[in-house]
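First up is the structure itself, then whatever we jot down about it.
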Amino acid sequence: MKEKDYRLFEKKLREVCSLRARIDYLALRNENNNDIKKAKSEIEFLEFALTHLNRTEQEIIKGIYFEGRSLSDMSLKLGYSGAYCSRLKVNAVKKLMDIMNMDDVKEKESSGHYFC
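Residue numbers (our numbering): 5 to 120.
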């Protein structure tokens with residue numbers, strides 16, 4: 005796996021996780037049902053992929069990407085060293101890349117769909 009692919013996937017992961025706030029905003033304004041449906045499907049696919057990670061990996065991904073917590077905060081919460089949490093995060097992101105098929109991410113980047 006190339007570092008560039010990892011960084012691209014991680015960027016898209018952050019963007020999809022931030023879609024939750026956008027869904028709430030669009031729903032309040034009763035705007036663009038297609039955008040809401042697309043965002044919900046992206047989040048649902050990510051949540052499905054998360055079920056294929058172990059509990060610790062899920063906690064790290066949810067904490068860092070969904071909740072915006074720092075890696076050092078997660079290491080304190082989980083009781084692991086920062087270096088070990090970093091390795092867990094990288095491995096979890098790589099697993100998600102495999103599950104969600106990175107080639108699809110590259111192809112769909114231009115269409116506005118990140119993962120599905």
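All residues carry an ideal CB built from backbone N, CA and C; glycine is no exception.
Since the structure is predicted, the reported quantities are computational estimates derived from the model, not experimental observations.
{"query": "With three or more C-beta pairs closer than 8 Å as the rule, is the segment 97-105 touching the segment 39-55?", "result": "yes"}
{"query": "When the Cβ atoms of the segment 71-78 are set against those of the segment 39-50, are three or more pairs found closer than 8 Å?", "result": "no"}
{"query": "Can we say the segment 90-101 touches the segment 60-69, given the rule of at least three CB pairs closer than 8 Å?", "result": "yes"}
{"query": "Can you give, in chain order, each stretch of the alpha helix (DSSP H) that sits fully within the segment 70-104 and has at least 4 residues?", "result": "75-82, 86-104"}
{"query": "If you reduce the DSSP assignment to three classes, tell me which class Lys15 lands in.", "result": "helix"}
{"query": "So what's Thr55 in DSSP terms, helix, strand or just coil?", "result": "coil"}
{"query": "By a C-beta neighbour count over all protein chains shown, 10 Å radius and 16 as the cutoff for buried, is Gly67 buried or exposed?", "result": "buried"}
{"query": "Excluding the 5 residues preceding and the 5 following Ala43 in the sequence, name in chain order all residues of the same chain whose CB lies nearer than 7 Å to its CB.", "result": "Leu23, Arg26, Ile27"}
{"query": "Pull up the CB-CB distance for Cys89 and Ile64, whole angstroms please, since I reckon it's below 8 Å.", "result": "6 Å"}
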